[in-house]
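Residue numbers (the numbering used here): 538 to 913.
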């Protein structure tokens, strides 16, 4: 670039060190020569880390109350972002869509980073009654369709093209961790530990995974943010086997390095993603798939058509019926009793990540896309 361009990433929802926003997109753009600022919620726990980070992080207040965050957060973000007069504003939350619209001028670019299918996400919120969800969902669709006309779209999933009909796919492939990639893939018949990484919620199979100790005496480790009340309910669900459930991340964000250390420092039978069938997830290729593959872990996941096709293509795990626990048992027992086949799945997954499913490929797309936008 002949002149250093000013880029501002905006979020009211995500942790300042969110993997996609901070570690992937922001640091990649900084490395490519952009002047990158991140506006994100910072509290006392993250204040010192934010001040010492590789980026310029402008803090906004972290609101514990959802409604305060949705009302006050965008206002604070807009005030700070407008002063920066950026060449590119790149926002990550649907509640910032009005902010993005207000920031758009003839002299800048505004990018809406679509992390989720927000319509189906609204439809599965358990704190809204069914009629209210339908009204909010339809209203959101109309507002979004109108406001994004002058924005660029950054899509975290391939199938989001079906919804929007345009946009640049910057997929959530993992950053290659050399320690992780170089770890020996070894499956032992005596291993009794299963791993789940990422946020824990009911729609992500919390109770399905909590069933596992009851039906097969296996320890399940959850590494990712989990509400304390949900963790308590999961333990109740596991009954006398509740001590077989282990949590790292109750009511708090889990740093990228902590998750990677679980992959590196322990051996696991498999990485789990046994989700109930919901419209929101059946077409998604989960980020945890790529991470499990990078770590050399076989995947045990629900047999939704998209997920089954992914497993079949890469030969990296076993897809099971989420409503048939016997299939879960059979999958775990197969991996335990057939270490050579389990290790082959691990190597297949890792090979796919190194050849085509790593962040390196998406980083090149992101930087090239920015250059195109800024030279138009």
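Built from N, CA and C at the ideal position, the CB exists for glycine as well.
Computed from a predicted model, the values in this text were never measured in an experiment.
Three or more Cβ pairs closer than 8 Å define a contact, and the stretch 782-792 meets that threshold against the stretch 745-762. With a 10 Å radius around the Cβ and a threshold of 16 neighbouring Cβ atoms, residue 783 comes out exposed. At least 9 Å separates the beta-carbon of residue 709 from that of residue 721.
The beta-carbon distance between residue 550 and residue 573, rounded to whole angstroms, is 19 Å. This is too long to meet the 8 Å contact definition. If you look at residue 747, you'll find it in the alpha helix (DSSP H) that goes 743-753. Per DSSP, reduced to three states, the secondary structure at residue 540 is coil, with no helix or strand assignment. Pairing residue 795 with residue 594, the inter-Cα distance amounts to about 22 Å. For the set 641, 811, 876, the Cα lying nearest the Cα of residue 825 is the one of 811. Note: residue 898 is not bridge-paired with any residue in the DSSP secondary-structure output.
Counting only runs of 4+ residues, the alpha helix (DSSP H) found wholly inside the stretch 805-835 occupies 824-831, in chain order. If you draw a 10 Å sphere on the C-beta of residue 860, you find fewer than 16 other C-beta atoms in it, and that means exposed. Scanning its chain for C-beta atoms nearer than 8 Å, with the 5 sequence neighbours on each side dropped, one finds around residue 634 the residues 628, 649, 680, 681, 684, 685, in chain order. If you draw a straight line from the Cα of residue 616 to the Cα of residue 587, it comes to about 20 Å. Here the alpha carbon of residue 840 sits roughly 11 Å from the alpha carbon of residue 849. Residue pairing for residue 596: DSSP places it in a beta bridge opposite 577. Classified as buried, residue 807 has 16 or more neighbouring CB atoms from the shown chains inside 10 Å of its CB. Residue range 564-568 is occupied by the alpha helix (DSSP H) that includes residue 568. At a Cβ-Cβ threshold of 9 Å, residue 855 and residue 752 do not count as neighbours. The beta carbons of residue 885 and residue 853 sit closer together than 9 Å.
In terms of CA proximity to residue 556, 735 leads the group 836, 902, 735, 676. Straight across, the Cα-Cα distance linking residue 737 with residue 540 is about 43 Å.
Per DSSP, the unbroken alpha helix (DSSP H) holding residue 800 starts and ends at 793-802. Residues 690 of the same chain have their beta carbon placed closer than 7 Å to that of residue 703, with the five preceding and five following residues left out of the count. When the beta-carbon positions are compared, residue 547 and residue 636 come within less than 9 Å of each other. One Cα belongs to residue 909, the other to residue 568, and the distance between them is close to 17 Å. Check the Cα spacing between residue 843 and each of 597, 769, 818: the tightest is with 818.
Counting of Cβ neighbours within 10 angstroms places residue 676 among the exposed residues, the total staying below 16. For residue 706, the secondary structure class from DSSP, reduced to helix, strand or coil, is strand. For residue 636, the uninterrupted alpha helix (DSSP H) segment begins and ends at 634-640. Closest in alpha carbon position to residue 862, among 744, 833, 827, is 744. Rounded to whole angstroms, residue 579 and residue 828 show a C-alpha spacing of 27 Å.
Excluding its 5 nearest sequence neighbours in each direction, residue 901 has no C-beta neighbour in its own chain below 7 Å.
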